[in-house]
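Worksheet for the structure shown next.
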Amino acid sequence: MQDTIVAISTSQTKGAISIIRLSGKDAISITNKITNIDLTKKASHTINYALIKDDNEIIDEVLITVMKEPKTYTKEDVIEINCHGSIPTTKKILSLLLKKGARLANPGEFTKRAFLNGRISLTEAQAVMDLINVKTEEARKIAMNNLEGKTTQKIKQMRSKILDILSNIEVNIDYPEYQDIEEVTKEKIEALISELKKDFEKLIENSKISKIIQNGLNVAIVGRPNVGKSSILNFLSQEDKAIVTDVPGTTRDIIEKEINLDGILLNLIDTAGIRKTEDVVETIGVNKSLEAIKQADLVLLILNNNEKLTKEDEELLNLTKDKKRIIVINKIDLENKLSLNIENENIVSTTTTKEDGLDSLIKKIKSLFELEQINYKDFNYVSNIENEQKLQESYDILKEIEQNISLVSIDMLEIDLKNIFTLLGEIIGITYQEEIIDHLFANFCVGK
Amino acid sequence: MYEVIVVGAGHAGCEAALACAKMNHKTLLITGSLENIAKAPCNPSIGGPAKGIVVREIDALGGQMGKITDKSLLQIKMLNTKKGPAVQALRAQIDKIEYQKNMKETLLNQENLTLKEALVDDLITKDNKVCGVILSNKEEIKSNIVILTTGTYLKSNILIGLEKKISGPDGEKTSQKLSNCLKKLGFTIQRLKTGTPPRLKKSSIDFSKTEIAKGDKEYLSFSHLEEYFYDVNKQLDCYLTYTNEKTHEIIRNNLDKTSMYSGLITGIGPRYCPSIETKIERFKDKDRHQLFLEPESIHYDDIYLQGFSTSMSKDIQEEMVHSIKGLEHAEILKYAYAIEYDAIDPLELKQTLETKIIENLYTAGQINGTSGYEEAACQGLMAGINASLKLENKDPLILKRNEAYIGVLIDDLVTKGTNEPYRLLTSRAEYRLLLRNDNADLRLSEYGHKIGLLSPIQYEKYLERKENINTCLEQLKTTYLNPTKQTNEYLKNINTNEIKNRISLYDLLKRPEVSQKDIAKYLKTTFSNDILNEIEIITKYDGYIKKQEKEAKKMLEYEKMLIKEDIDYNKIDNIAKEAREKLNKVKPTTIAQASRISGVNPQDIAILAIYLKKRNQNG
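Chains as they are written, first to last, in our numbering: chain L, 81 to 528; chain S, 307 to 925.
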């Protein structure tokens with residue numbers, strides 16, 4: 081019970097807030113690493129306003145409850161972070177905490193600790209555990225279902241590539257006098273590494289895409305007031321949720337909408353018309369728009385065909401230039417007054433009154449995220465954070481091996497390779513430890 | 307009346323008896339033949355990867371194998387010198403006759419130890435506690451503890467081709483009754499098999515057609531006492547030769563004449579010691595297999611043909627041997643044979659090697675399903691140590707997986723069991739960078755000293771070495787080189803980058819291209835090569851060592867969670883059926899050990915932890 085565990089405590093559907101909970105001796109210091117305030121100096125059982133930061137990037141405004149042991153649920157130090165309810169934000173904070181040294185809690189682990197530390201009775205704990213066991217079995221099945229087939233095969237393939245080299249290195253170590261057995265060279269390891277790197281990159285990339293498939297794509301619709309943002313939003317969602325009006329500056333809050341676009345979930349965020357303003361209420365909306373741009377996977381920047389490019393438009397173009405974006409030239413049914421000097425951009429022309437060009441917008445979105453080309457047959461990915469972490473960890477070790485390859489002997493590199501082998505095994509649920517030895521004797525002819 | 311009776315005087319029995327006697331317990335060592343003490347019935351060599359490190363560990367604890375090996379050397383070398391420090395290990399060719407002679411002398415000179423020639427037929431037990439043995443002449447001898455180290459002698463059969471006869475190794479007496487007795491007491495008996503290759507007459511071999519393999523040119527010793535009883539320039543050579551297509555054809559045409567393929571053998575053989583027929587059957591694409599010619603003794607003319615273990619009939623063995631380059635006219639002095647024998651299931655043992663079924667009964671060596679002299683010796687030593695500690699009412703000595711290969715071996719045996727003769731391999735150790743040949747004394751001498759087994763001289767030697775290492779390391783970290791012209795010229799000379807700022811010798815030594823020899827001259831004190839080499843390993847591999855230490859620490863946290871009581875796992879709800887059965891059989895002593903049992907998953911471990919907590923609270 082030494083390490084610090086973390087989990088999202090609220091159900092992972094969209095709600096106003098989500099709670100992330102940590103428990104363990106490093107709960108406070110780990111959280112401290114991602115906040116702008118010093119939690120170690122806060123008294124126990126206090127609620128503190130803070131910003132969650134990834135280096136210099138602000139992820140969310142949150143309320144952090146600090147509870148020091150022993151008067152907590154687990155009798156350990158406990159932190160609870162109340163963050164905004166969007167799934168991507170919550171997961172981002174969770175993954176930051178994992179990166180800083182927390183471990184993802186197993187199902188029921190908070191309860192387990194509560195019991196082991198004498199906080200709740202056995203009957204209470206067992207009742208919880210029984211419940212959890214059922215859940216875990218389901219969860220395990222779901223995870224395995226997800227992995228069944230191609231991804232498992234792919235990972236098995238990667239493992240068997242490593243296994244060949246591992247057992248060859250081991251046989252070189254344990255039977256050094258056998259001259260007929262090929263000696264593993266650094267060139268061989270280098271070749272393996274570069275192959276594996278590609279495999280890992282693909283898997284990690286796919287896993288990111290898979291998240292888009294599962295959690296949806298955050299799309300921010302931006303543009304200066306009255307260019308038709310809300311109309312486009314409404315077209316995409318086929319509903320009248322946002323206020324559509326010709327008076328500039330009426331959409332003052334971010335409107336979030338989930339739409340299903342041929343099986344791909346889009347979280348549409350309509351932003352307040354971005355415009356320099358003295359109006360206090362509207363300023364909040366503008367700030368939120370800037371925030372929305374930051375968080376978006378895709379920006380739809382709307383320009384008006386009927387007007388000349390304004391300073392504000394240029395500012396927006398500049399603000400979103402590093403983002404994945406589609407420039408939507410709206411109102412092409414009206415007279416063309418706009419002239420754009422941009423090349424190599426994704427530009428789509430639309431009119432919201434006649435629904436012209438909107439289909440091409442949808443096509444564009446799909447092609448931009450390679451969602452059209454996904455070959456579901458060969459699409460290998462892992463779907464939970466823990467496994468994603470294992471992939472990333474393996475990939476980091478690979479890069480380390482690459483760095484050290486000319487510096488240390490092969491049996492040292494093998495220690496790292498073995499770690500990758502084990503991590504991959506854990507992803508697909510293999511923890512059998514005798515594999516290398518079995519492989520060694522099956523493939524090399526040694527012995528008295 | 308004795309405190310300890312050891313049954314069998316092989317490599318396990320000798321270590322067990324010596325340990326008990328040295329720890330001041332009146333000990334009786336019973337052997338079927340006083341001529342067969344510490345016999346090496348198979349290969350004439352000790353050590354090798356992992357195994358060589360075990361011998362160093364035995365020595366650091368105060369055991370005998372390393373010292374006897376040093377006195378009986380024909381050739382010695384350090385293996386894997388081109389690889390990292392974690393996998394380097396010593397291997398010696400030993401003189402089998404001298405080895406036996408030296409061990410026998412040690413036994414005879416040991417206080418508290420009596421040797422007796424007899425066969426043990428039965429154990430005397432009362433209320434599941436052993437209290438002595440019954441000999442074949444019905445004589446009863448009482449004792450508090452019995453350690454069984456019967457090797458391959460339980461119900462052993464020798465097989466050569468289609469001949470099968472009841473016999474111990476080399477035609478010796480076998481014990482037909484003891485394994486029945488164990489079965490009656492409730493032990494699970496399994497049948498194992500191993501084999502040994504033919505011995506050839508040295509003068510009949512044409513060595514000019516073979517390749518030579520020499521010993522190392524510098525003096526080496528297994529024991530940390532570093533005493534040398536051999537002349538480095540007069541080591542005997544080994545030789546290399548190969549099978550060929552003709553050999554393979556002879557074997558393929560006569561598979562029906564092997565006890566193996568004719569179905570005569572029922573025991574399970576080790577995968578790492580396949581017979582030559584198995585190798586040819588399994589690796590059909592290989593057109594040759596490597597063979598080693600190893601001298602057995604200066605006292606007789608036998609050459610051991612390593613790699614040629616077979617259960618083929620005698621006439622075919624002749625044909626096979628003569629088909630090999632250099633062996634065209636070789637005379638076979640002893641035919642290869644396979645041997646089948648009874649062993650117990652090591653899952654029925656505690657970590658101390660005491661049986662779970664009969665109190666005060668310990669077993670060690672091949673009876674536990676292992677193979678190899680070193681594996682046997684270290685188990686004998688640990689059984690002897692733990693039997694003595696029990697007599698003294700002291701806590702047992704259980705070496706952990708990050709402390710010694712011995713710990714890995716015993717933990718594997720009693721946690722995972724084995725259904726083939728178990729051989730120690732480097733890959734069985736998770737933390738091999740911590741379990742090196744060069745640091746066995748640093749890892750284990752304190753234990754050896756604490757239990758009173760390590761000689762004062764050797765303990766002093768360890769303390770001195772440890773201090774020298776610390777002093778040297780301290781000097782490395784506090785001695786700096788300044789970026790003077792002279793220094794930079796020197797650095798250029800030893801092919802490393804020049805410096806712009808001052809640098810500690812420690813950081814300089816971290817550079818892969820810099821060796822201890824390059825920096826030794828800057829140290830205030832002159833250190834021995836051994837110390838400097840040790841320092842170089844500690845410095846250069848610091849990052850990797852720390853990584854393994856971190857992993858080991860995680861494991862140790864779980865080792866601290868003891869399962870003290872004798873738990874009936876059937877009474878714990880929510881544990882999976884398979885896990886329940888395994889846990890009942892293994893009866894792990896810590897949560898860590900429980901988690902290493904195959905078929906026990908993390909949920910089961912969590913539930914077990916909760917159950918334990920409750921018991922502790924109620925009890």
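Ideal Cβ placement from N, Cα and C applies to all residues, glycine included. It should be emphasised that the depicted structure is a prediction, and the values quoted were computed from it without experimental measurement.
Contacts with chain L at 8 angstroms (Cβ-Cβ) include V393/S.
Contact annotation: the region 326 to 336 of chain S touches the region 417 to 433 of chain S, with at least three C-beta pairs closer than 8 angstroms. Three or more beta-carbon pairs separated by less than 8 angstroms are not found between the region 571 to 587 of chain S and the region 311 to 318 of chain S, which leaves the two stretches without contact. Straight-line measurement puts the Cα of G474/S at about 37 angstroms from the Cα of S751/S. For the set H530/S, Y536/S, F513/S and L531/S, the Cα lying nearest the Cα of K523/S is the one of Y536/S.
Residue environment for K448/S: exposed (fewer than 16 other C-beta atoms within 10 angstroms of its C-beta). Check the Cα spacing between S103/L and each of E468/L, T111/L and I97/L: the tightest is with T111/L. Going by C-alpha positions, T84/L is about 17 angstroms away from I144/L.
In chain S, no part has a C-beta under 7 angstroms from the C-beta of Q472/L; the shortest such distance is about 18 angstroms.
The C-beta of V264/L comes no closer than 8 angstroms to any C-beta of chain S.
Of the candidates G358/S, P580/S, E341/S and N692/S, the residue whose Cα lies closest to the Cα of L413/S is E341/S. In the three-state reduction of the DSSP assignment, S810/S falls in the strand class. Here I451/S is near E309/S, since their CB atoms are less than 8 angstroms apart.
For R497/S and T547/S, the gap between their C-alpha atoms comes out near 33 angstroms. N692/S carries a helical assignment under DSSP once its states are collapsed to helix, strand and coil. A direct Cα-to-Cα measurement between N384/L and V302/L gives close to 12 angstroms. The DSSP assignment places complete alpha helix (DSSP H) segments of no fewer than 4 residues inside the region 222 to 294 of chain L at 230 to 254, in order along the chain. In the DSSP annotation of this structure, the continuous segment of the alpha helix (DSSP H) that includes P168/L starts and ends at I167 to K179. Non-local beta-carbon contacts of I138/L in its own chain, meaning distances under 6 angstroms to residues more than five positions away in sequence, involve L131 in chain order. Taking a beta-carbon distance threshold of 8 angstroms, K389/S counts as an interface residue toward chain L.
The criterion of a C-beta distance shorter than 8 angstroms is not satisfied by I97/L and S89/L.
An exposed status is given to T387/S, since fewer than 16 other beta-carbon atoms sit within 10 Å of its beta-carbon.
At a cut-off of 8 angstroms between C-beta atoms, L731/S counts as an interface residue with respect to chain L. As the crow flies, the alpha-carbon of E404/S is around 41 angstroms from that of L779/S.
Rounded to the nearest whole angstrom, the CA to CA distance from L441/L to S175/L is 33 angstroms. Assignment of M147/L by DSSP, reduced to helix, strand and coil, places it in the strand class. Just measuring C-alpha positions, the residue of Y534/S, T480/S and A322/S sitting nearest T375/S is Y534/S.
Here R505/S really is in contact with Y610/S; their C-beta atoms are around 6 angstroms apart, less than 8 angstroms. No Cβ-Cβ contact shorter than 8 angstroms links I645/S with G754/S. Against chain L, the CB of I571/S has no partner CB under 8 angstroms away; the residue lies outside that interface.
Contact check for Q469/L and L178/L: beta-carbon distance about 6 angstroms, within the 8 angstroms limit, so the pair qualifies.
For G354/S against A395/S, the beta-carbon gap comes to about 6 angstroms, under 8 angstroms, which counts as contact. Assigned with DSSP and collapsed to three states, C579/S falls in coil, not helix or strand.
Separation of Y606/S and T480/S (C-alpha to C-alpha, rounded to the nearest whole angstrom) is 26 angstroms. Contact between T802/S and V820/S holds, since their C-beta atoms are separated by about 5 angstroms, short of 8 angstroms. The shortest CA-to-CA distance from H628/S to any of V439/S, N550/S, A689/S and I343/S is the one to N550/S.
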